[in-house]
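To keep things clear, I will list the structure first and then write my remarks on it.
Numbering (our numbering), first residue to last: 1 to 261.
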């Protein structure tokens, strides 16, 4: 019976991705405790490779016409649910920040912890620049999306390249901020929350950068991305907007409020 759903053939990618994520968690612990960089970056590389191969299979399925309207709706819903799960991740981190900010323990006594008054990151320096960069990238990725829908592919390619440039510049500024920082992740609860939130967000920027780069390649090929079939680009654009919104909250809560409180 034709239900409109595509019955996926046996695929190794979900299982391999699950093992890779588990390995990434273990290698992250080894990195933080024993400075084992090799296993961490190896797991990151393997996970990215698995995801690219998985996306390639999904792309082939769309070529052969297996993606009906029902399947496309399911893919969009999957992306939305994934973003919601990521929102809950960041919600828990923000909860930790405000819990320690508004209800510090007897040992901390004040917030930020004693000795941090003169080492906090100025919100009007690198953080403000990064805010401008991400908001600008949100505008350029939206322009690229509308250009694809109106079949202005040259304009969309230029807008995507501009988005990628803003993303790379953001990561470079973030790295420079870390380099010049006077505290580390081991600097009490403030340093832990600061680097956990900003680092986790930076990782999401990197993931979004890779997703957009993948769609740029498809768009340049001009055979697998069009005004009618661009679900993968929609997913990348939604994810990038999610990264933008999270950064706005992060800027006002962690940088600005954390500096002014």
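Using N, Cα and C, we set each Cβ at its ideal position, and we do this for glycine too.
Span of the alpha helix (DSSP H) around residue i
i: residue 219; result: 188 to 221
i: residue 174; result: 153 to 180
i: residue 120; result: It is not in any alpha helix (DSSP H) - residue 120 carries neither H nor E in the DSSP assignment.
i: residue 327; result: Look at the range of the chain in this structure, 1 to 261, and you will see that residue 327 is not part of it.
i: residue 146; result: 126 to 149
i: residue 87; result: 69 to 102
i: residue 32; result: 13 to 34
i: residue 45; result: 37 to 63
Contact belief for residue i with residue j at Cβ below 8 Å, rounded distance in angstroms
i: residue 47; j: residue 17; result: 7 Å
i: residue 31; j: residue 19; result: With 8 Å as the limit, residue 31 and residue 19 do not qualify as a contact, their Cβ atoms being about 18 Å apart.
i: residue 159; j: residue 143; result: 4 Å
i: residue 129; j: residue 173; result: 6 Å
i: residue 257; j: residue 127; result: 12 Å between Cβ atoms; not a contact.
i: residue 208; j: residue 240; result: 5 Å
i: residue 259; j: residue 123; result: 5 Å
Proximity of residue i and residue j at Cβ, strictly below 8 Å
i: residue 141; j: residue 163; result: yes
i: residue 156; j: residue 147; result: yes
i: residue 57; j: residue 28; result: no
i: residue 314; j: residue 13; result: The chain is shown from 1 up to 261; residue 314 falls before or after that span and cannot be answered.
i: residue 121; j: residue 177; result: yes
i: residue 245; j: residue 205; result: no
i: residue 220; j: residue 100; result: no
i: residue 183; j: residue 191; result: yes
i: residue 24; j: residue 44; result: yes
i: residue 253; j: residue 93; result: no
i: residue 229; j: residue 62; result: yes
Touching by the beta-carbon criterion (3+ pairs, under 8 Å), the region 154 to 172 and the region 75 to 86: Touching, no.
On the three-pair Cβ rule with 8 Å, is the region 235 to 249 touching the region 184 to 196? No, because fewer than three Cβ pairs between the region 235 to 249 and the region 184 to 196 fall closer than 8 Å, the two stretches do not touch.
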